[in-house]
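Have a look at the structure below before the remarks.
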């Protein structure tokens, strides 16, 4: 072999060795990079799984809180209705409530003179508020149920937890068989 062929052969061998070493370095680098990214990918997968679990837990919390909010809204509605009912009850208890106390109806039909019905008693306001402009309407009827007399008894304002007494004569003609009355206020 000649020297130039030996040099060429050496240079080819050297090139092959360098190329082989270079490929080996590339292969080792590729293995290192793959190993590194494999670890990084495992960490990322682990983080993704942890975040997915956290997201599921947060979604579950949202669902639970929505259910709690709905339950509390229902409770607020029930309590609001109860407060309205209690306020209405209090208002009814405080409102004027008129009651008759000791009513007496006495017919006076003398043979001579005018006939009249003597009406007396008291109206009691058991409420707390004032009963304004209290009036008592009285109607007198004969045996045929025809109206023979009527009168409005003005009692004025009756404060809460108090009463007003009255004594009135209602004049009529004929004979009184029955009477009716109604008490009103504003």
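Residue numbers (the numbering used here): 257 to 442. All C-beta atoms in this analysis are idealised placements derived from N, C-alpha and C, irrespective of residue type, glycine included. Remember, it's a predicted structure, so these values are computed and weren't measured experimentally.
What residue from the options has the CA that sits closest to residue i's CA?
i           : options               : result
residue 419 : 385, 363, 435 and 287 : 385
residue 370 : 426, 327 and 422      : 426
Can the beta-carbon of residue i be found less than 9 angstroms from the beta-carbon of residue j?
i           : j           : result
residue 349 : residue 439 : no
residue 397 : residue 374 : no
residue 416 : residue 352 : yes
residue 244 : residue 363 : With the chain covering only 257 through 442, there is no way to say anything about residue 244.
With 16 other CB atoms within 10 Å as the buried threshold, where does residue i fall?
i           : result
residue 432 : buried
residue 428 : buried
residue 342 : exposed
residue 323 : exposed
residue 414 : buried
residue 276 : exposed
Identify every residue that forms a DSSP beta bridge with residue i.
i           : result
residue 288 : According to DSSP, which records beta bridges pairwise, residue 288 is partnered with nothing at all.
residue 440 : 391
residue 423 : 376
Could you check what DSSP says for residue i in three-state terms: helix, strand or coil?
i           : result
residue 400 : coil
residue 527 : An answer regarding residue 527 cannot be provided, because it is not within the stretch 257 to 442 covered by the chain.
residue 327 : helix
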